[in-house]
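Worksheet for the structure shown next.
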Amino acid sequence: EMKCIPEVAQMAKELGTLVVVDAVCTLTTMPLQMDEWGIDIAIAGGQKGLSSIPGVSLIVFSDAAWKTIESRNVRQPHWCLDALKAQTFWGSQQYHYTAPVPGILALHEALRQICEETLPSRFERHRTSSIALQSGIETMGLKLFVPIKDRLNSVVAIQTPEDTDSAQIRKIMSKRFNVEISGAFGMDIMRIGQMGEQCRSHNLFKVLYALGMSCRQTGVDLDVSLGMAELELNLVIDPENLVD
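Right under this line is the structure:
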């Protein structure tokens, strides 16, 4: 839950601890106020929230975190994970590693598109898309795993119906509809990534239909048509996002 970060960060500060946040799913999909919330280190990847390709990692440090790194007296055993060497690579052009040039260029284009869209518009697109998809899933007859107050705009977690399993449903979605969604670590739930280009009207309709029909194929009694109608009702459809 994003709303709890400032509170957790404040408790960490009182204990003299740095705060690290994994922002790979949330960066540019919803507000993330690093300074205001007291975050010391934020980590993300080119994929997911930024909607680029995997292979590039991003990390940003607060002044307090960087001072801690500079003051350490233990040699970093991992060459590629040495932040000081990375800083000299980018700042002083000293060799640290071979840069993933295609990934950096792809990230540059993704960031250009984000700036062109603007963050407020991007946040709203993800919020609207996520709420519409959640409503369609529930109206169809499935249950969401996370309470509404704790949900992210960027990931939708779904309870796997009784007497079936998520692996079977996901296999049908992949083979029959060419739609890939994720399982989870531990509990048997299904997860739909709601990030970047997935939050476009045609993709939302496709994934909801694939999910519903795949569940029905495993014997789950769902009203797919009603769920699709609910999605359309809650979705502000941009004609530019539709496909022939």
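Numbering (the working numbering), first residue to last: -7 to 236. We put the CB at the ideal spot given by N, CA and C, even for glycine. Keep in mind it's a predicted model, so treat the numbers as computed, not measured.
- Message: Applying the 10 Å Cβ sphere with the 16-neighbour rule, what's the burial state of GLU172?
- Response: Against the sequence shown, residue 172 aligns to sequence position 180. Exposed, since its Cβ has fewer than 16 Cβ neighbours within 10 Å.
- Would you kindly work out how many angstroms separate the C-alpha atoms of THR60 and THR110, rounded to a whole number? What you label residue 60 is simply residue 68 of the sequence shown in a count that begins at 1. What you label residue 110 is simply residue 118 of the sequence shown in a count that begins at 1. One C-alpha to the other measures close to 34 Å.
- Query: Which full runs of the beta strand (DSSP E) of 3+ residues lie inside the segment 164 to 227, going along the chain?
  - Reply: 181 to 185
- Have a look at VAL11 and ALA36 and give me their C-alpha separation to the nearest angstrom. If you number the sequence shown from 1, residue 11 lands on position 19. If you number the sequence shown from 1, residue 36 lands on position 44. One C-alpha to the other measures close to 15 Å.
- Residues bridged to VAL262 [DSSP beta-bridge criterion]: The displayed coordinates of the chain run from -7 to 236. Any statement about residue 262 would go beyond what the structure contains.
- Message: PRO(-2) and GLY41 - do their beta-carbons sit closer together than 9 Å?
- Response: Taking the sequence shown and counting its residues from 1, the one referred to as residue 41 is at position 49. Taking the sequence shown and counting its residues from 1, the one referred to as residue -2 is at position 6. For GLY41 and PRO(-2), no; Cβs fall outside 9 Å.
- Task: Return helix, strand or coil for ALA137, following the three-state DSSP convention.
- Result: Along the sequence shown, read from residue 1 onward, the residue named residue 137 stands at position 145. The sequence shown places Phe at residue 137, not Ala. Here PHE137 sits in coil by DSSP.
- Message: With the cut-off set at 9 Å, would you say MET182 and HIS118 are in Cβ contact?
- Response: Here the question's residue 182 lines up with position 190 in the sequence shown. Here the question's residue 118 lines up with position 126 in the sequence shown. No, these two residues do not count as a Cβ contact at 9 Å.
- Item | Continuous beta strand (DSSP E) stretch holding GLN151: start and end | The residue you call residue 151 lines up with position 159 of the sequence shown. From DSSP, the beta strand (DSSP E) with GLN151 extends over 147 to 151.
- Could you say if the segment 2 to 10 and the segment 63 to 70 meet the contact criterion of at least three C-beta pairs nearer than 8 Å? no
- Task: State the DSSP-derived secondary structure class of SER44, mapped to helix, strand or coil.
- Result: By 1-based counting over the sequence shown, the position of residue 44 is 52. If DSSP states are grouped into helix, strand and coil, SER44 belongs with coil.
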